[in-house]
Amino acid sequence: MVAERDYLVPWMRVRRTGYTDSAYSNLLDGFFQFVGRLGRYILSILKAQVTLTEGWLWLLDLLTSAMKFVWIFLSSLALPLFQVTSALETSTLGSGKCKTIEVRKEWRTLSKSEKKAWIDAVNCLNRTPRSGKLNPPVNTSEHSAFDFIVPITPDGTYYDELVYTHMNLNPLIHFTGLFLPFHRLYVHEWTNALRSQCGYKGVAPYWAWEYDAANFEHSSIWDPDPVYGLGGFGDPNDDNIVKNGGLNISLAYPIKHKLRRQYQPYIIFPPSVNISANATFTPAEVKTLLAQPEGNFTAFQYYMERFFGMHGAVHGITGGDLAGKCPRGSDSSNCPFDGAPTFSSNEPLFHFHHGNVDRLWWLWQEKSRNNKFAFHGGSVQNLSAIDKYPNGAPPWLKTSDLIPGAGMFKSVSIRDVLDTRQPPLCYVYDR
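Counting in the UniProt record's numbering, the sequence shown runs from 1 upward without gaps.
Spelled out as structure tokens, the structure:
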């Protein structure tokens, strides 16, 4: 017999099969039954102990036994092959194994040397010449000012190419079903760039901002140390440029400028401008997020990404580049929408922020198998009908659809990023 193991993929259950000891036992049983009957038949004929009628009946029994053995033999070969092939065609979630599993940690749990290594790698990537791989797929001139971006500048670095990837894909990856899968892959690949281009050996840190909600402006995340600190809010008299901490980066988009931060305590998106931003990402709000209905991916994403939700609130309250605020010297020709998410990944903390967004998705996924592989969302952003299409309008995305990488990293399917313990991701969170 062939052993069966459950193999879960979205919306269906398939079977994978493989040989077990019982499969070989059936083959041997069938073979010995056939040989035994053949021996008895020959012996009886030689001793002339059977009538002609009995001889024909024995021969029929012998042929039946032979056919049964052949059927068991062919089934044991063909059935597992067919079923395993079918399972692999249905899902690639189980293909390959991770050599190691990265354990992602909260920034403030890292040692000073680990923090310095990350900051040094970010500064290095910001000085690394552009790769020339960038191939933006979206014609943003066909979209509104909210999605407008300037053309690629030849003066950009590898760091800027990765920023431009997020800029160009903006209408595809916000308020659509790609929001969580894309940003999961994006943080992963951005960290891989730190490793491949700058020799970074550490993990991808995250920022558990829910524990900073009560006193966000004075959080310990805003460390001014010039070696291992991230710096604090910027100088209000100089375009809110960050002037302390270890990060020393120049940015190309939308125009050349330095990293900026500005504390903005209220939600920046209408009609929620009078809501305190930090009220949306408290531990209690996170608890509500994680209690969204089992298997309901849309409900989880909506609670996270809605206009007055925690995702946008952390962008907005940090201000500056993370909030998409236009830098000094820009105008409507290069930054027509003040507060768009396009160039928010200029801010290195973008990857800590989305690391935590991803961590909360991961925690929700870890609650059940239904959550882990749950997915539903549209491919078209429709902000005018956000209540009807909270995570995108039709055409509906499938888990086999590819996540765009704009040439900067390999596109993989949505299915391939649902389980972080499988390639290409290979990571978990510490808590």
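The beta carbon of each residue, even a glycine, is placed where N, CA and C say it ideally should be.
Is residue i helix, strand or coil when you go by DSSP?
i: L203; result: Checking the displayed sequence, the identity of residue 203 turns out to be Val instead of Leu. Coil at V203, not helix or strand.
i: S330; result: coil
i: G312; result: helix
i: T100; result: coil
i: R260; result: strand
i: D235; result: strand
i: I173; result: helix
i: P283; result: helix
i: S219; result: coil
i: P181; result: helix
i: I275; result: coil
i: S249; result: Note on residue identity: the sequence assigns Ile, not Ser, to residue 249. Coil at I249, not helix or strand.
i: T399; result: coil
i: E294; result: coil
i: S379; result: strand
i: T288; result: helix
i: T420; result: coil
i: Y266; result: strand
Let me make sure I understand the geometry here. Which of the options has the alpha-carbon closest to that of residue i?
i: E106; options: E189, A204, P226 and H183; result: A204
i: Y228; options: N296, Y266 and A117; result: A117
i: P181; options: D358, T165, S131 and K256; result: D358
i: S400; options: K201, R415, G377 and D387; result: R415
i: L169; options: Y158, F148 and S113; result: F148
i: N244; options: W222, K325 and G231; result: G231
i: G329; options: K258, N135 and Y389; result: K258
i: T282; options: I241, Y263 and F216; result: F216
i: D223; options: K115, T153 and E347; result: K115
i: E285; options: W209, P336 and L247; result: W209
i: N139; options: D321, L322, T165 and I221; result: T165
i: L290; options: G324, F307, N356 and N274; result: N356
i: V187; options: P327, Y159 and G177; result: Y159
i: S144; options: G407, S332 and N391; result: S332
i: S113; options: G309, K287 and Y200; result: Y200
i: M408; options: I119, W190 and K99; result: W190
i: N248; options: C98, A121 and N391; result: A121
i: Q262; options: A323, L425 and F300; result: A323
i: F308; options: D387, N240 and P348; result: D387
i: C124; options: C98, G316, R184 and L194; result: L194
Using 10 angstroms around the beta-carbon of residue i, count the other beta-carbons present and answer buried if the total reaches 16, otherwise exposed.
i: S345; result: buried
i: H218; result: exposed
i: T109; result: exposed
i: residue 472; result: One cannot answer for residue 472 here, as it falls past the ends of the chain, which runs 1 to 431.
i: L79; result: Reliability of the predicted coordinates at L79 is poor, the pLDDT of 34 falling under 50, and no value is obtained from them.
i: C341; result: For clarity, residue 341 is Pro in the given sequence; the question names Cys instead. With 16 or more other Cβ atoms within 10 Å, it is buried.
i: G320; result: buried
i: I221; result: buried
i: G132; result: exposed
i: P293; result: exposed
i: T96; result: Going by the sequence as given, residue 96 is Gly instead of Thr. When all chains shown are included, G96 counts as exposed.
i: K325; result: buried
i: P390; result: buried
i: T288; result: exposed
Between residue i and the rest of its own chain, which residues show a CB-CB distance below 7 Å, the 5 nearest in sequence each way excluded?
i: L383; result: F175
i: T420; result: W362, Y427 and V428
i: F352; result: W107, P205, Y206 and W207
i: Y266; result: V273, N274, I275, S276 and A277
i: L172; result: V138, L178 and P404
i: I101; result: R421, C426, Y427 and V428
i: K337; result: Correcting the residue type first, residue 337 is Phe in the shown sequence and not Lys. The answer, listed in chain order, is A145, F146 and F148.
i: F343; result: V163, M167, Y253, P254, D321 and G324
Since residue i is in the alpha helix (DSSP H), which residue starts that stretch and which ends it?
i: V357; result: L349 to Q365
i: V138; result: Where V138 is concerned, there is no enclosing alpha helix (DSSP H), given that its DSSP letter is neither H nor E.
i: A393; result: Here A393 belongs to no alpha helix (DSSP H); instead the beta strand (DSSP E) covers A393 to W396.
i: Y302; result: F297 to E305
i: L411; result: In the sequence on display, residue 411 carries Ser and not Leu. Segment: none, S411 is in no alpha helix (DSSP H) and carries neither H nor E.
i: V122; result: K112 to R127
i: N371; result: R369 to K372
Excluding the 5 residues preceding and the 5 following residue i in the sequence, name in chain order all residues of the same chain whose CB lies nearer than 8 Å to its CB.
i: N296; result: A374
i: N334; result: V150, P254 and I255
i: S413; result: T92, T399, S400, D401, L402 and I403
i: A385; result: A393
i: T153; result: D160, A252 and Y253
i: E366; result: K372
Using a Cβ-Cβ cut-off of 6 Å (strictly less than) and excluding sequence neighbours within five positions of residue i, which residues of its own chain qualify?
i: G156; result: R130 and A252
i: G405; result: S411
i: A393; result: G378, V380 and N382
i: D430; result: V103 and K105
i: A213; result: N278, F281 and T282
i: G225; result: In the sequence on display, residue 225 carries Asp and not Gly. For D225, where only same-chain residues beyond five positions count, there are no Cβ hits under 6 Å.
i: L77; result: Residue placement at L77 is flagged as unreliable, the pLDDT there being 42, under the threshold of 50; a coordinate-derived value is accordingly withheld.
i: residue 450; result: Nothing about residue 450 can be reported from this structure: the residues present for the chain run from 1 to 431 only.
Counting along the chain, where does the beta strand (DSSP E) carrying residue i start and finish?
i: V428; result: Y427 to Y429
i: G319; result: Premise fails: G319 is in no beta strand (DSSP E) and is neither H nor E.
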